[in-house]
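Peer 1: In short: position in the sequence shown from 1, add 3, done, that's our numbering.
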Amino acid sequence: MRQSPILTAALCGLLGTLSASNANAQCIADSFEPNDTCATAVELLPGNYPGMTINGYSAVGGLKEDFYRITVAPGEEMHFDIDWDFNQGLLQLWLYDDGVCTTGFVDVDTQSSDGDAGVYYNNITAAPVVLVCKVRSPTPSTVCVDYDMNMTIGVNPCNSTPDDAYEDNDICTTPALITPGTHTGFVVFGAGHLGGEDKDYYVVQGLPAGEIITIDVAYSQAQGDIGLGLLDGQCGNYETYSNYQAGNESISYTNFGVVPEDIYFEVVGYDLAYDCGSYDITITMMPDPCNSVPDDGFSPNHGCGSAAILAPGTYTNLQVFYQYTDYFAVTVPSNQRLDVSALFSHNSGNIDLKLYDAFCVNTVDTSTSWTDDEAVSVTNASASAQTYYVEVVMPYDIPNCNGYDLVVDVYDNPCLTGGDDVYFPNFNCGSGPALTPGLHPNLFVSQFVKDYFEVQVAAGATVNVTIDCISSAGNVVGYLYDPNIGQCDQSSHVASATNSADSKTISFTNVEAVSRTYELELFIPTWDSNECNTYSLLISGALGQAATPFCLGDGTDGFCPCGNLSALGAGEGCNNSQGHGAILTAIGSNVVAADDMSFEITQGRPNQPSMLIQGTAQILVPFKDGILCMGNPTERLEVVFLDAAGEGTSTVSIVTEGGITAGVTRYYQQWYRDPQLSPCGNGSNFTQGLQVQWL
Numbered sequence: 004m005r006q007s008p009i010l011t012a013a014l015c016g017l018l019g020t021l022s023a024s025n026a027n028a029q030c031i032a033d034s035f036e037p038n039d040t041c042a043t044a045v046e047l048l049p050g051n052y053p054g055m056t057i058n059g060y061s062a063v064g065g066l067k068e069d070f071y072r073i074t075v076a077p078g079e080e081m082h083f084d085i086d087w088d089f090n091q092g093l094l095q096l097w098l099y100d101d102g103v104c105t106t107g108f109v110d111v112d113t114q115s116s117d118g119d120a121g122v123y124y125n126n127i128t129a130a131p132v133v134l135v136c137k138v139r140s141p142t143p144s145t146v147c148v149d150y151d152m153n154m155t156i157g158v159n160p161c162n163s164t165p166d167d168a169y170e171d172n173d174i175c176t177t178p179a180l181i182t183p184g185t186h187t188g189f190v191v192f193g194a195g196h197l198g199g200e201d202k203d204y205y206v207v208q209g210l211p212a213g214e215i216i217t218i219d220v221a222y223s224q225a226q227g228d229i230g231l232g233l234l235d236g237q238c239g240n241y242e243t244y245s246n247y248q249a250g251n252e253s254i255s256y257t258n259f260g261v262v263p264e265d266i267y268f269e270v271v272g273y274d275l276a277y278d279c280g281s282y283d284i285t286i287t288m289m290p291d292p293c294n295s296v297p298d299d300g301f302s303p304n305h306g307c308g309s310a311a312i313l314a315p316g317t318y319t320n321l322q323v324f325y326q327y328t329d330y331f332a333v334t335v336p337s338n339q340r341l342d343v344s345a346l347f348s349h350n351s352g353n354i355d356l357k358l359y360d361a362f363c364v365n366t367v368d369t370s371t372s373w374t375d376d377e378a379v380s381v382t383n384a385s386a387s388a389q390t391y392y393v394e395v396v397m398p399y400d401i402p403n404c405n406g407y408d409l410v411v412d413v414y415d416n417p418c419l420t421g422g423d424d425v426y427f428p429n430f431n432c433g434s435g436p437a438l439t440p441g442l443h444p445n446l447f448v449s450q451f452v453k454d455y456f457e458v459q460v461a462a463g464a465t466v467n468v469t470i471d472c473i474s475s476a477g478n479v480v481g482y483l484y485d486p487n488i489g490q491c492d493q494s495s496h497v498a499s500a501t502n503s504a505d506s507k508t509i510s511f512t513n514v515e516a517v518s519r520t521y522e523l524e525l526f527i528p529t530w531d532s533n534e535c536n537t538y539s540l541l542i543s544g545a546l547g548q549a550a551t552p553f554c555l556g557d558g559t560d561g562f563c564p565c566g567n568l569s570a571l572g573a574g575e576g577c578n579n580s581q582g583h584g585a586i587l588t589a590i591g592s593n594v595v596a597a598d599d600m601s602f603e604i605t606q607g608r609p610n611q612p613s614m615l616i617q618g619t620a621q622i623l624v625p626f627k628d629g630i631l632c633m634g635n636p637t638e639r640l641e642v643v644f645l646d647a648a649g650e651g652t653s654t655v656s657i658v659t660e661g662g663i664t665a666g667v668t669r670y671y672q673q674w675y676r677d678p679q680l681s682p683c684g685n686g687s688n689f690t691q692g693l694q695v696q697w698l
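1) Per DSSP, what kind of secondary structure is Cys632 in: helix, strand or coil?
2) If you draw a straight line from the alpha carbon of Leu693 to that of Leu587, how long is it in whole angstroms?
3) Give the list of continuous beta strand (DSSP E) stretches no shorter than 3 residues that lie fully inside the segment 416–463.
4) Which partner residues does Gly157 have in the DSSP bridge list?
5) Which runs of the alpha helix (DSSP H), 4 residues or longer, sit entirely within the segment 536–606?
6) With DSSP as the reference, label Glu660 as helix, strand or coil.
7) To which residues of the same chain is Phe511 closer than 6 Å at the C-beta, ignoring the five residues directly before and after it?
8) Please state whether DSSP places Phe89 in a helix, a strand or coil.
9) For Ile663, count neighbouring Cβ atoms within 10 angstroms of its own Cβ and tell me buried if that reaches 16, exposed if not.
10) From Cys418 to Glu534, what does the alpha carbon distance come to, in whole angstroms?
11) Flag this pair as yes or no: are the beta carbons of Leu358 and Tyr391 separated by less than 7 Å?
12) Distance check for Ala647 and Cys30, CA to CA, integer angstroms please.
13) By DSSP, does His496 sit in helix, in strand, or in coil?
14) On the DSSP letters alone, give me the boundaries of the beta strand (DSSP E) that Ile73 sits inside.
15) Note down, in chain order, each residue of its chain lying with its Cβ closer than 7 Å to the Cβ of Asp412, except the 5 sequence neighbours on either side.
16) Is the beta carbon of Gly406 sitting closer than 7 Å to the one on Gln490?
17) Based on Cα-Cα distance, which residue from Asp298, Arg676, Ala310 lies nearest to Tyr325?
18) Evaluate contact between the segment 225–233 and the segment 260–273, counting only Cβ atoms and requiring at least three cross-stretch pairs below 8 Å.
19) When you compare each of Val479, Ile473, Ala461, Ala464 to Asp454 by their alpha carbons, which one comes out closest?
20) I'd like to know whether the C-beta atoms of Ala378 and Ser344 end up nearer to each other than 7 Å.
21) On a Cα-Cα basis, can you pick out the residue from Ala516, Asp88, Phe451 that is closest to Ser337?
22) Which residues does DSSP list as the beta-bridge partners of Glu242?
23) Are Gly188 and Asp167 closer than 7 Å when you measure CB to CB?
24) Could you give the distance in angstroms between the alpha-carbon of Gln208 and the alpha-carbon of Ala179?
25) Between Asp291, Gly308, Leu313, Met288, which has its C-alpha nearest Gly300's C-alpha?
26) Going by DSSP, name the residue or residues bridged to Ile216.
27) Could you give the residue range of the beta strand (DSSP E) that holds Thr113?
28) So who's on the other strand from Thr366, going by DSSP bridges?
29) Can you check whether the CB of Tyr124 is closer than 7 Å to the CB of Val138?
30) To the nearest angstrom, how far is the alpha carbon of Cys432 from that of Asn513?
31) Under 7 Å, do Gly607 and Tyr675 count as touching if we go by C-beta distance?
32) Going by DSSP, name the residue or residues bridged to Pro315.
33) Between Ser24 and Phe689, what straight-line distance do the alpha-carbon atoms span, to the nearest angstrom?
34) Would you decide whether Phe70 is buried or exposed? Buried here means 16 or more other CB atoms lie within 10 Å of its CB.
35) Within the same chain, show all residues whose beta-carbon is closer than 8 Å to that of Leu680, passing over the 5 residues directly before and after it, in chain order.
36) Count the CB pairs spanning the segment 562–573 and the segment 592–602 that are closer than 8 Å, and state whether there are at least three.
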């Protein structure tokens with residue numbers, strides 16, 4: 004933090020800083036300018052074009068996009084690629100065929116984060132197609148971006164590629180017969196082909212009962228992604244599907260019936276832009292090894308009605324099958340928790356674990372990962388013992404069986420048998436204790452008993468409720484309700500904080516003309532694996548307005564340097580070159596412990612730097628094109644660059660940079676550049692002032 008007396012060399016140095024910060028915002032036009040609109044797009048021939056430049060939002064004159072017109076003949080394909088230094092900013096490509104560059108785009112690349120982007124077009128029509136490619140930078144902080152451009156046009160080799168010997172197998176009802184083994188030299192055409200999409204369908208006849216068929220399709224991913232689908236006998240539904248597997252798609256199927264079964268499958272170009280590609284097929288058939296695996300001693304326990312009754316303990320060498328789900332029943336006393344773990348090797352077959360209520364209808368917990376082992380749990384918070392049902396299931400049929408161990412544990416739940424906090428009992432919405440501004444530590448909440456409080460918010464004031472907890476030990480979330488609108492249902496709230504951060508804040512402004520009481524609800528969601536936790540609340544901003552405006556540029560608090568008064572009652576500083584004054588607004592609370600205040604400037608000069616300043620005393624000194632409102636001394640807190648709307652928000656800690664302690668009063672103002680067109684000709688101006696009484 005730097006300090007200086009009023010109107011000393013430090014303020015002059017500040018003006019120099021503001022001037023210098025804008026000096027690098029001028030971009031050098033490239034040889035294709037002006038091509039800043041779709042109508043002025045420059046005609047582009049195939050070739051390499053280095054040294055292109057584009058203006059970002061923060062450049063002098065603001066954002067300027069580059070447009071290029073490209074003509075693609077029938078049967079030809081076009082590639083448009085750019086490379087740039089990503090440290091200068093993000094670039095995006097949009098390819099249009101509508102002539103006006105609005106919604107008719109045919110390809111985009113907007114997510115590149117490595118300084119390389121490209122778009123593609125394949126002309127499958129009978130006439131030339133005129134395209135327009137747009138290059139733009141979407142990030143507000145970008146000034147200038149230099150890029151190199153390369154465009155190629157050539158005959159599409161897929162247009163002359165012949166189909167394979169298995170044609171015509173383009174519909175499921177006329178598939179090509181194929182046998183187990185490896186077959187090579189297949190060709191598939193996608194939706195991006197000149198002749199249209201041409202799917203391939205095959206049938207393997209007579210998969211014996213109790214056997215597994217595996218179909219592998221190998222291809223070069225450089226040609227695009229291929230999809231492999233297994234269809235039912237009526238060609239109406241997919242039994243299983245494989246795509247986006249980097250050049251090797253694979254599907255498997257088991258015939259659980261008692262008679263042989265014909266297997267139908269399709270090979271397709273998966274993406275809309277897929278043109279053509281070659282592939283090989285390998286088909287294997289083998290007996291299902293699970294046919295010879297015996298079931299365990301709890302069988303038959305394949306439904307809720309035949310569930311095996313378990314006491315707490317470990318049960319080993321159990322067996323589950325894809326076609327036979329295992330069920331178990333466990334009785335849990337009041338205020339106790341049930342933990343069930345299934346231990347297995349995922350590589351030997353995926354197992355899922357589900358936990359149901361006493362009716363074996365409603366799911367109370369599930370565990371369905373793609374790793375070894377699954378675990379579910381539930382707490383019986385009722386006044387009597389409850390029976391819960393455990394389901395062990397294989398969701399996929401390859402492999403068709405797997406062995407597992409089951410661990411059952413029942414114990415006292417500390418979230419129900421431990422103590423609560425000083426506000427207990429406060430578990431009824433509408434009758435919670437009132438919270439005063441300040442810190443409320445050592446609170447306790449669980450999934451079974453929610454916490455409710457009341458918060459008083461003054462007319463026009465903003466309340467901030469900060470929830471602090473170790474979220475990994477139980478994420479505490481909060482909802483704020485207006486009793487006149489809704490009552491604690493998580494849907495009619497006026498504000499909430501439900502993310503998983505350790506510290507989260509609920510903010511709400513009472514826009515009514517009278518003070519109001521709001522209901523605060525806090526709890527741990529039922530999906531959280533931790534059922535209770537401790538937390539603290541910080542209530543701030545509820546006593547009234549955090550900052551009071553003063554030193555207005557409308558003539559009520561002094562006169563502007565050249566009569567450039569703002570409109571009476573507008574709450575602005577002196578008029579700038581745009582015909583109005585700029586406004587400074589305080590966001591957050593005036594509580595030092597919260598340290599959440601920031602300042603936002605609006606209606607300033609777009610794309611110009613500004614400086615947030617702080618003082619310990621009010622003054623009224625005409626300076627530049629505005630009024631300097633505070634000093635003794637003046638402290639420079641932060642340079643804030645305004646965006647294309649003339650707006651900007653501080654990011655530093657005001658408490659830290661301003662040396663703030665509870666009980667002090669400080670004054671704030673924003674000084675901003677207004678070059679060339681300023682009313683008084685001095686090149687800069689000020690917002691109105693804000694007075695903050697820190698608590």
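Cβ coordinates follow ideal geometry from the N, Cα and C atoms, glycine included.
Peer 2: According to the data block:
1) The sequence position of residue 632 within the sequence shown is 629, counting from 1. Of the three classes helix, strand and coil, the one that applies to Cys632 here is strand, per DSSP.
2) Position 690 of the sequence shown, counted from the first residue, corresponds to residue 693. Position 584 of the sequence shown, counted from the first residue, corresponds to residue 587. Distance between the alpha carbons of Leu693 and Leu587: 7 Å.
3) 441–449, 454–460
4) Along the sequence shown, read from residue 1 onward, the residue named residue 157 stands at position 154. For Gly157, which the question treats as bridged, DSSP gives the partners Glu80.
5) none
6) Here the question's residue 660 lines up with position 657 in the sequence shown. Of the three classes helix, strand and coil, the one that applies to Glu660 here is helix, per DSSP.
7) Mapped onto the sequence shown, residue 511 falls at position 508. For Phe511, where only same-chain residues beyond five positions count, the Cβ hits under 6 Å are Val466, Leu483, Val497, Ala498.
8) Numbered from its first residue, the sequence shown carries residue 89 at position 86. Residue state, collapsed to three classes: helix.
9) As a position in the sequence shown, residue 663 is number 660, starting the count at 1. Buried, by the Cβ-count rule.
10) As a first step, residue 418 must be located in the sequence shown, where it is residue number 415. As a first step, residue 534 must be located in the sequence shown, where it is residue number 531. Going from the Cα of Cys418 to the Cα of Glu534 covers about 7 Å.
11) For this step, residue 358 is matched to residue 355 along the sequence shown. For this step, residue 391 is matched to residue 388 along the sequence shown. Yes, they are a contact pair.
12) Along the sequence shown, one-based indexing puts residue 30 at 27. Along the sequence shown, one-based indexing puts residue 647 at 644. The alpha-carbon atoms of Cys30 and Ala647 are separated by roughly 17 Å.
13) Start at 1 with the first residue of the sequence shown, and residue 496 comes out as number 493. His496 falls in the coil class under three-state DSSP.
14) Taking the first residue of the sequence shown as position 1, residue 73 is located at position 70. 69–75 is the span of the beta strand (DSSP E), which, as asked, contains Ile73.
15) Indexing the sequence shown from 1 puts residue 412 at position 409. The answer, listed in chain order, is Pro315, Asp342.
16) Position 403 of the sequence shown holds residue 406. Position 487 of the sequence shown holds residue 490. Contact flag unset, no.
17) Residue numbering aside, residue 325 sits at position 322 when the sequence shown is read from its first letter. Among Asp298, Arg676, Ala310, the Cα nearest to that of Tyr325 belongs to Asp298.
18) yes
19) Counting from 1 along the sequence shown, the entry for residue 454 is found at position 451. Taking only the C-alpha atoms, the option nearest Asp454 is Val479.
20) Here residue 378 corresponds to residue number 375 of the sequence shown, with the count starting at 1. Here residue 344 corresponds to residue number 341 of the sequence shown, with the count starting at 1. Yes. Within cutoff.
21) The count along the sequence shown starts at 1 and reaches residue 337 at position 334. Residue Phe451 is the option with its Cα nearest to Ser337.
22) Taking the sequence shown and counting its residues from 1, one reaches residue 242 at position 239. Glu242 is not bridged to any residue.
23) For the purposes of this step, residue 188 is identified with residue 185 of the sequence shown, where counting begins at 1. For the purposes of this step, residue 167 is identified with residue 164 of the sequence shown, where counting begins at 1. Result yes, Cβ atoms of Gly188 and Asp167 sit closer than 7 Å.
24) Along the sequence shown, read from residue 1 onward, the residue named residue 208 stands at position 205. Along the sequence shown, read from residue 1 onward, the residue named residue 179 stands at position 176. One C-alpha to the other measures close to 11 Å.
25) The residue you call residue 300 lines up with position 297 of the sequence shown. Gly300 has its Cα closest to that of Leu313, out of Asp291, Gly308, Leu313, Met288.
26) Sequence index remark: in the sequence shown, residue 216 carries index 213 (1-based). Answer is Tyr256, Met288.
27) Counting from one through the sequence shown, the residue named residue 113 turns up at place 110. It is not in any beta strand (DSSP E) - Thr113 carries neither H nor E in the DSSP assignment.
28) Position 363 of the sequence shown holds residue 366. For Thr366, which the question treats as bridged, DSSP gives the partners Tyr359.
29) Numbered from 1 along the sequence shown, position 135 holds the residue referred to as residue 138. Numbered from 1 along the sequence shown, position 121 holds the residue referred to as residue 124. Cβ distance not < 7 Å, so Val138 and Tyr124 don't count as in contact.
30) Indexing the sequence shown from 1 puts residue 432 at position 429. Indexing the sequence shown from 1 puts residue 513 at position 510. Roughly 20 Å between the two C-alpha positions.
31) Here residue 607 refers to the residue found at position 604 when the sequence shown is read from its first residue. Here residue 675 refers to the residue found at position 672 when the sequence shown is read from its first residue. Yes, the pair counts as a contact, with Cβ atoms nearer than the cut-off.
32) As a first step, residue 315 is located in the sequence shown; it is residue number 312 there, counting from the start. Paired residue(s): none; Pro315 is not in a bridge.
33) Sequence index remark: in the sequence shown, residue 24 carries index 21 (1-based). Sequence index remark: in the sequence shown, residue 689 carries index 686 (1-based). For Ser24, the predicted structure reports a pLDDT of 40, less than 50, and the residue's modelled location is therefore unreliable. A value from the coordinates is still provided. If I take the Cα positions, the gap works out to 18 Å.
34) For the purposes of this step, residue 70 is identified with residue 67 of the sequence shown, where counting begins at 1. Burial call: buried.
35) Here the question's residue 680 lines up with position 677 in the sequence shown. So the list reads Ser580, once near-sequence residues are dropped.
36) no
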